[in-house]
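Chains as they are written, first to last, in this note's numbering: chain A, 1 to 310; chain B, 311 to 620.
Backbone N, C-alpha and C define an ideal beta-carbon position, used for all residues, glycine too.
Just below is one structure, and these are the notes that go with it.
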């Protein structure tokens with residue numbers, strides 16, 4: 001068991017309010033508001049040399065991705081900001097402001113603190129969304145549901161590797177890492193029918209495992225069906241190894257939705273440029289089974305990103 | 311102008327939603343919910359050798375102090391927690407849980423992240439309160455109002471100095487630093503009549519200056535009237551120097567309320583053990599004027615705690 005898993009188990013014992021949804025979700029639901037908090041840290045969620053405006057954008061986007069996964073509309077946010085370098089801080093706020101304006105999110109409060117000299121930056125946001133008529137949890141999926149992925153996988157992890165090899169890298173994949181786009185309209189459309197939904201932030205396999213655990217289901221996933229971008233394929237190919245990388249990469253901010261069989265997501269009011277793919281099916285049982293055209297595939301040891309895995 | 315002031319000015323230009331209250335308040339007001347966020351950092355808001363349970367307690371208490379200052383009832387909280395040392399983390403959560411239970415606060419969500427090795431701990435909380443009939447802001451005070459302080463001043467700053475001199479220090483003042491008590495019942499009672507209210511977190515003078523700026527008032531404060539604990543007086547005396555220390559110390563989590571003249575706070579349903587003192591009066595104009603029985607007092611250069619003062 002990982003340390004993060006232990007801590008979350010402890011937190012669940014504290015968080016008994018129904019609004020907490022057993023902490024088995026990316027967001028709480030209180031008085032018709034979907035409320036989520038994500039913190040990002042330098043050297044963990046972003047690189048010290050990432051442009052500060054992109055860090056500000058990303059902080060907003062990763063929070064709104066959780067709002068999107070609950071089918072909610074952005075409403076308001078509180079920002080926790082460490083300050084110190086006025087130039088960096090101003091550019092960071094440029095990015096926060098741009099993302100808030102793009103998605104109609106009002107900044108309504110927060111905190112500014114100075115960290116000790118030399119400490120890595122830590123930046124947090126609490127985002128609040130207005131819930132729609134349905135707020136799919138992680139736990140509502142049922143055997144027989146089809147597993148859909150909205151957005152492409154692996155781009156961001158690939159962009160991060162490019163930056164780690166050469167800090168001056170640019171291009172589509174780097175932008176996907178630095179400026180993820182929360183799939184708000186997709187989430188709002190899918191929430192009408194989804195039996196379960198969440199965003200893919202740590203990697204498809206680890207996040208799908210969480211959905212399966214919460215729903216008490218088994219997932220049978222066809223690796224060949226994973227949605228990959230042309231940029232990803234140009235960079236990494238699309239063989240089994242590339243697809244396993246995409247399935248475990250993290251930082252995708254795609255959506256993962258379980259829809260009852262027979263529901264056609266293309267009949268929902270999705271944005272016209274959405275990428276949506278059926279990647280498998282839920283069944284009775286537990287855990288994930290992976291296969292492709294060549295047969296079953298053993299699960300990788302690393303299913304995605306975990307903080308402090310022992 | 312300080313860096314923190316510059317950043318907050320920039321944030322105010324972004325935060326135009328009425329729920330933000332111009333960021334001239336410690337909390338936002340959205341759909342009948344009072345929402346606030348405070349982050350605390352090792353080496354800034356707590357000492358590396360502070361007992362982890364006291365750090366957890368303090369994180370909850372400083373957030374609930376803002377809820378108290380708006381006269382609201384604790385409702386729910388989201389915790390942003392950095393993890394790494396399982397023993398420390400467990401004890402920290404003991405403190406969070408104890409404070410949540412003490413004040414009826416439900417933990418409903420948050421985030422756990424691992425910081426890079428050696429980074430100082432950064433811990434955040436978003437606290438949500440149910441607003442009462444009135445939610446006093448910082449900006450409603452008027453000339454003629456009486457300035458009241460609920461709780462005692464200087465204890466925590468004194469406890470911090472004891473700990474800085476000797477990490478093994480114990481006693482009332484150290485406990486006031488480590489385990490502040492949010493004045494929730496006082497805040498709920500005073501909110502019925504207060505024209506303005508806030509908590510004293512960075513020091514009476516700097517926080518009163520913020521209230522005066524937001525309200526467009528001048529404050530005339532009698533230093534002799536400051537409420538001091540017997541433990542504080544035993545340690546520091548109560549001369550002008552000791553009182554200036556208490557007025558600028560920070561970490562008090564007292565309440566600062568402006569009440570219209572003629573309102574007797576003792577007629578409000580305050581807890582029977584509350585300490586409440588009239589420390590001055592608001593007038594037309596701006597800034598703070600200090601005096602004691604010996605005459606006017608020049609304002610100290612340092613009015614309280616500010617992050618990144620240049």
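Q) Based on Cα-Cα distance, which residue from 273(A), 281(A), 241(A), 253(A) lies nearest to residue 299(A)? A) 241(A)
Q) Is the stretch 402-417 of chain B close to the stretch 52-63 of chain A, with three or more CB pairs under 8 Å? A) no
Q.
Does residue 301(A) pass the burial test, meaning 16 or more other C-beta atoms within 10 Å, or should it be called exposed?
A. exposed
Q | Runs of alpha helix (DSSP H) wholly within the stretch 464-537 of chain B (minimum 4 residues, chain order) | A | 465-475, 482-488, 494-500, 514-525
Q | Of the listed residues 594(B), 566(B), 352(B), 615(B), nearest to residue 496(B) (C-alpha basis) | A | 566(B)
(Q) If you reduce the DSSP assignment to three classes, tell me which class residue 356(B) lands in. (A) Strand.
Q: Please go through the same chain and pick out, in chain order, the residues whose beta-carbon is closer than 8 Å to the beta-carbon of residue 321(B), but skip the five residues on each side of it.
A: Around residue 321(B), the same chain offers 333 as residues with beta carbons nearer than 8 Å, after the five sequence neighbours per side are excluded.
Q: Might you give, ordered along the chain, the residues of its own chain that have their beta carbon closer than 6 Å to the beta carbon of residue 37(A), omitting 5 neighbours on each side?
A: These residues qualify, in order along the chain: 126.
Q: Assuming residue 46(A) and residue 154(A) form a contact by the criterion Cβ under 8 Å, report the distance between their Cβ atoms to the nearest whole angstrom.
A: Wrong, their Cβ atoms sit about 19 Å apart, outside the cutoff.
Q: With 8 Å as the limit, tell me which residues of the stretch 418-447 of chain B have their beta carbon closer than that to any beta carbon of chain A; keep them in chain order.
A: 418, 419, 420, 421, 422, 423, 424, 425, 426, 429, 430, 432, 434, 436, 438
Q | Any alpha helix (DSSP H) of 4 or more consecutive residues that is wholly inside the stretch 78-105 of chain A | A | 86-103
Q: Would you mind stating whether residue 448(B) and residue 506(B) have Cβ atoms separated by less than 9 Å?
A: yes
Q.
Tell me the DSSP secondary structure of residue 600(B) in three-state form.
A. The three-state secondary structure of residue 600(B), taken from DSSP, is strand.
Q: Return no unless some Cβ of chain B is closer than 9 Å to the Cβ of residue 30(A).
A: So, interface residue.
Q. With 16 other CB atoms within 10 Å as the buried threshold, where does residue 168(A) fall?
A. exposed
Q | Under 9 Å by beta carbon: chain A residues contacting residue 353(B) | A | Taking the beta carbon of residue 353(B) as reference, the chain A residues within 9 Å of it are 115, 116, 119, listed in sequence order.
Q) Considering only residues of the same chain and omitting the five flanking positions on each side of residue 517(B), which have a CB-CB separation below 8 Å? A) Correct list, in chain order: 508, 509, 510, 511, 566, 614.
Q) Helix or strand or just coil, what does DSSP make of residue 606(B)? A) strand
Q) By DSSP, does residue 574(B) sit in helix, in strand, or in coil? A) Coil, per DSSP.
Q. Looking at the C-beta of residue 308(A), does it have a partner C-beta in chain B at a distance below 9 Å?
A. Residue placement at residue 308(A) is flagged as unreliable, the pLDDT there being 49, under the threshold of 50; the coordinate-derived value follows with that caveat. It does; some Cβ of chain B falls within 9 Å.
Q | DSSP three-state assignment for residue 313(B), whether helix, strand or coil | A | helix
Q.
Considering Cα atoms alone, identify which of 42(A), 7(A), 67(A), 41(A) is closest to residue 25(A).
A. 67(A)
Q. In whole angstroms, what is the alpha-carbon distance linking residue 502(B) and residue 379(B)?
A. 12 Å
Q.
Below 7 Å on C-beta distance, what does residue 54(A) contact in chain B?
A. Those within 7 Å of residue 54(A) in chain B number zero; the least Cβ separation is about 17 Å.
Q | residue 603(B) versus residue 535(B) - alpha carbon distance | A | Going from the Cα of residue 603(B) to the Cα of residue 535(B) covers about 10 Å.
Q.
Let me check understanding here. Comparing Cα to Cα, which of 64(A), 54(A), 76(A) lies closest to residue 95(A)?
A. 54(A)
Q: Quick one: using the 10 Å Cβ neighbour count with 16 as the cut-off for buried, is residue 559(B) buried or exposed?
A: buried
Q) In the DSSP assignment, what are the bridge partners of residue 281(A)? A) 146(A), 220(A)
Q. In this structure, does DSSP put residue 38(A) in helix, strand or coil?
A. Note: residue 38(A) maps to strand in three-state DSSP.
Q.
Using 8 Å for Cβ pairs, my map puts residue 337(B) next to residue 330(B). What's the rounded Cβ distance?
A. Between residue 330(B) and residue 337(B) the Cβ distance is about 10 Å, and since that is not below 8 Å, they are no contact.
Q) Are the CB atoms of residue 480(B) and residue 538(B) nearer to each other than 9 Å? A) no
Q | Any 3 or more C-beta pairs closer than 8 Å across the stretch 140-151 of chain A and the stretch 251-266 of chain A | A | Judged by Cβ distances under 8 Å, the stretch 140-151 of chain A makes contact with the stretch 251-266 of chain A, as three or more pairs qualify.
Q: For residue 432(B), write down the residues that DSSP places opposite it in a beta bridge.
A: 351(B)
Q | Cβ-Cβ separation, residue 176(A) to residue 203(A) (assumed contact under 8 Å), whole Å | A | Actually they are not in contact, since the Cβ atoms of residue 203(A) and residue 176(A) sit about 15 Å apart, beyond 8 Å.
**Q.** Range covered by the beta strand (DSSP E) that runs through residue 383(A)
**A.** Residue 383(A) is absent from the structure shown; chain A starts at 1 and stops at 310.
Q) Looking at C-alpha atoms only, which residue of 234(A), 273(A), 8(A) is the closest neighbour of residue 394(B)? A) Nearest option by C-alpha distance: 8(A).
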